Amino acid sequence: DAMVIQNPRYQVTQFGKPVTLSCSQTLNHNVMYWYQQKSSQAPKLLFHYYDKDFNNEADTPDNFQSRRPNTSFCFLDIRSPGLGDAAMYLCATSGGTSGSYEQYFGPGTRLTVT
Amino acid sequence: KNQVEQSPQSLIILEGKNCTLQCNYTVSPFSNLRWYKQDTGRGPVSLTIMTFSENTKSNGRYTATLDADTKQSSLHITASQLSDSASYICVVSGNSGGYQKVTFGTGTKLQVIP
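Just so you know, the protein sequences line up as chains A and B, in that order.
Residue numbers 1 to 114, in this note's numbering, belong to the letters of the first sequence in order.
Residue numbers 115 to 228, in this note's numbering, belong to the letters of the second sequence in order.
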C-alpha cells in the first residue's frame with residue numbers, strides 16, 4: 001500500500017519555466033519534508049512543514065517554495081528552474097519532528113531541466 | 115559540525131557473499147542511527163534503527179551494529195542477493211526531544227553480481 005506518493009515520477013521542464021511537484025500521504029503524519037538529492041550525494045533538506053507551520057532551511061534558495069493546503073498534500077514549487085536544479089526530489093513524512101520519529105520517503109520525482 | 119561518513123563509497127561483490135558497510139559519525143548529542151536502502155531512482159527505505167543503548171539490530175539478512183563510544187556503526191549483509199544492489203545510507207539523528215535535523219551520509223553503492 002502506497003503511503004507517500006509523489007507525482008509525477010519524472011518531470012522535464014525548460015530553463016526558467018515554473019514547475020510544481022506534488023506529494024501526498026496516507027499516514028496522517030504531522031510533518032512533511034522536501035529533500036533535494038543530486039547524483040551520488042546525500043539528500044539535502046530544503047524545508048519542512050509541521051502541520052501548517054513552514055520551516056525553511058537557511059540555505060534553501062528563494063527559487064524554491066512550498067505549499068501545504070491540508071494534512072495529506074504538500075507541493076514543491078520551483079519558480080525559475082535552472083540547470084543546477086536538476087535532481088531527484090524526495091518527499092518524506094514523519095509523526096513528529098523529534099529525531100526519534102522515522103521518516104517515510106516517497107519514491108521521488110526526478111526533475112530534468114532542458 | 116555534524117557529519118556522517120560512510121565507507122567504502124562503492125562495492126562490488128559476488129552473489130552469495132557477505133559484506134560489511136561502515137559508518138562513522140560526529141553527530142552530538144546522539145539520539146538514534148538508521149540504515150536506509152535506496153534503490154536506483156527510488157526513495158530510501160528504512161532497514162534498521164538503533165538507539166544509544168542498542169549494540170546490534172537485525173532485519174532478515176541485514177545486521178547493524180553500533181558502538182556509541184567510538185561513534186561507529188556497521189551494516190552486515192549476509193548471503194547477498196542480486197536485489198541487494200542499491201545504495202545504503204547511514205542517517206544519524208540528534209536529541210530525542212524537540213526538532214532535530216537528521217544528518218545523512220553520502221551512502222555506499224553496492225553492486226551484487228552473478
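All C-beta atoms, glycine included, are put in the ideal place defined by N, C-alpha and C.
Predicted, not measured: the structure shown is a model, and the values here were computed from it.
For residue 83/A, same chain residues with a beta-carbon under 6 Å away, outside a window of 5 residues either side, are 113 in chain order.
A distance of 8 Å or more separates the beta carbons of residue 6/A and residue 96/A.
Residue 197/B sits in a helix when the DSSP states are folded into three classes. Restricting attention to 45/A, 22/A, 85/A and 17/A, the CA atom closest to the CA of residue 69/A is found in 22/A. With a cutoff of 8 Å on beta-carbon distance, residue 187/B and residue 137/B are scored as near each other. For residue 178/B, the pairing in a beta bridge is given by DSSP as 171/B and 189/B. Looking at the DSSP output, residue 73/A sits in a beta bridge with 24/A. For a Cβ distance threshold of 7 Å, residue set 155 of chain B lies close to residue 110/A, ordered along the chain.
Residue 19/A has its alpha-carbon roughly 42 Å from the corresponding atom of residue 179/B. Sequence-ordered contacts of the region 131-149 of chain B with chain A read 145, 146 and 148 [C-beta pairs closer than 8 Å]. Along the region 159-170 of chain B, going in chain order, the ones with a CB nearer than 9 Å to a CB of chain A are 159, 160, 163 and 165.
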